[in-house]
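Before any comments, here is the structure.
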Amino acid sequence: MAVATAVSLAALNGGAPVPRAGAGACALTSGALTPDDLPAGSSVLDCAAVGRLVTHAGAGVTVPEPGMAVSVDALTQDGSAHGFTLAVAADGTVSYDLADTGTHAPAPGRATVPDHAHAAGGAPGRARAACADGAYATADHKEYGTYEWFLGDGALPADLAPGDARRAFEGAIGTITAGRNDCGFGDAVTAEARFVSRTGNEADVDRDAHCTARDGVSVWDAGDLSGGVVATTCSWSRAVSGGPDELREADVRFNTGDHAFTDRPTDTCFHTYDVRGVATHEAGHVFGLAHVGRGHESQTMFTNSFTCSTAARTLGRGDVLGLRALY
Ligand SMILES: [Zn+2]
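For the sequence shown, this note's numbering assigns the number 17 to the initial residue and increments by one for each residue that follows.
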């Protein structure tokens with residue numbers, strides 16, 4: 017995928033020179049870069065770009081070493097999409113996936129997951145809509161084995177005690193690895209997850225919700241992020257020939273600096289996000305799902321999160337189809 021993108025962009029350039037490994041100087045300006053400064057086809061080796069920040073449409077990632085890709089996904093208050101992927105091939109060549117809205121919508125009547133009669137059990141209104149909409153989008157990575165994750169040792173969303181936060185996140189991650197839904201679809205996800213321990217390491221996300229350099233430890237924690245962002249996931253993966261990239265680390269940070277969270281929304285809930293719903297959405301990113309946009313509000317992977325709603329705790333049809341496309 018990454019290679020194909022670089023090649024097609026080079027072809028579109030119509031013969032314009034594309035920097036290649038060893039081709040010589042590449043002077044980068046200081047400060048944050050954009051994809052215009054470090055275009056697809058350029059070399060992180062020629063440009064000494066590893067460790068530099070690249071921003072695009074309000075999101076940002078730190079350029080990884082050759083052979084790695086990094087994705088940033090921000091869950092926002094207003095539903096605006098903030099996310100992209102920067103991949104560095106083994107030879108240092110850069111490619112991007114800047115579109116966060118590559119929604120796959122199966123044609124009506126060509127569903128690949130059989131419906132079951134008990135689809136309307138539970139919450140009827142949302143369940144019907146969620147189970148009718150098959151739209152999904154995937155990032156180009158997946159967990160091939162077991163996602164081993166840690167809980168940060170600082171404050172946690174909703175001021176949850178560590179044991180309660182662990183249970184909330186474990187439940188959310190388990191919803192993805194078990195493909196839990198109210199639509200009657202069985203589990204087809206082969207990936208697993210395992211909580212390891214609390215850690216002094218932090219999620220590798222800075223205050224601007226940009227992904228910093230990875231520390232090799234997958235951490236779920238809380239902190240202050242840019243105001244419109246509810247939570248951010250940064251994921252790092254390594255290229256696999258003939259398949260989606262292999263997840264190596266994924267960190268999740270909740271923005272407790274600007275938003276209120278609860279793990280039990282009540283009738284009097286106001287402007288407060290459901291920890292488990294948000295965590296399920298972020299876990300979707302960890303395991304390779306990307307956002308679906310307007311018109312797909314019933315799906316857990318919709319670009320924004322609704323306050324005081326627990327609907328995102330269970331998966332919709334598109335969420336399940338996306339996982340089935342990957343696993
Ligand atoms: Zn998201």
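We put the CB at the ideal spot given by N, CA and C, even for glycine.
Predicted model, so just to flag it, every value in this text is computed and none were measured.
Hey, which residues come within less than 6 Å of ligand 1, measuring from Cβ to any heavy atom, in chain order? Every residue passing the under-6 Å Cβ criterion appears here: D89, L91, H297, H301 and H307.
Use the C-beta contact count for G239: other C-beta atoms within 10 angstroms, 16 or more gives buried, fewer gives exposed. buried
Those residues which DSSP pairs with G338 across a bridge: G338 pairs with nothing; no bridge assigned.
Span of the alpha helix (DSSP H), counted from its first residue to its last, around R180: Per the sequence presented here, residue 180 reads as Asp, with Arg not at that position. Per DSSP, D180 belongs to the alpha helix (DSSP H) from P178 to T193.
Below 6 Å, is the gap between the Cβ of A43 and the nearest heavy atom of ligand 2? Judged by which ligands are present, ligand 2 is missing from the structure shown, whose ligands are ligand 1.
Using only the alpha-carbon positions, how far apart do D180 and F277 sit? 13 Å
Quick check: the stretch 222-231 against the stretch 304-315, are there 3 or more CB pairs under 8 Å? Counting Cβ pairs under 8 Å, fewer than three are found: no touch.
Tell me the rounded alpha-carbon separation between V79 and F185. The straight-line gap from Cα to Cα measures roughly 28 Å.
Using the Cα positions of L69 and A48, report the straight-line distance between them to the nearest angstrom. Between the C-alpha atoms of L69 and A48 there is a straight-line separation of about 5 Å.
In the structure shown, what three-state DSSP assignment does P260 receive? strand
Measuring CB to CB, does D290 end up less than 7 Å from T326? yes
Could you please give me the residues that DSSP links to E265 through a beta bridge? W252
Under 8 Å, with one C-beta from each stretch per pair, do the stretch 106-114 and the stretch 272-286 reach the 3-pair mark? no
Using the three-state DSSP reduction, which class does T296 fall into: helix, strand or coil? Helix, per DSSP.
R230: buried (16+ other C-beta within 10 angstroms of its C-beta) or exposed? Per the 10 Å Cβ criterion, buried.
Is the separation between the beta-carbon of V268 and that of S321 shorter than 7 Å? no
Suppose the cutoff is 6 Å on Cβ atoms and the five residues either side in sequence are ignored; what does the same chain contact list for D335 look like? Q315, T316 and M317
Closest Cα partner of G258 within the set G150, K158 and G67: It is K158.
Fully enclosed by the stretch 59-126, which beta strand (DSSP E) runs are 3 residues long or longer? Runs found: 69-72, 75-78, 84-92, 98-104 and 110-113.
Please look up how many angstroms separate the CB atoms of Y343 and T206, rounded, as I've assumed it's under 8 Å. 5 Å
Going by alpha carbons, who is nearest to G304 out of R292, R264 and R329? R264
Proximity winner among T71, H297, T288 and G83, relative to V256 (alpha-carbon distances): G83
Alpha carbon to alpha carbon, how far is P51 from A204? 37 Å
Below 7 Å between beta carbons: does that hold for T154 and A341? yes
Hey, out of S242, F166, D149 and S59, whose CA is closest to G311's CA? Cα-wise, what sits closest to G311 is D149.
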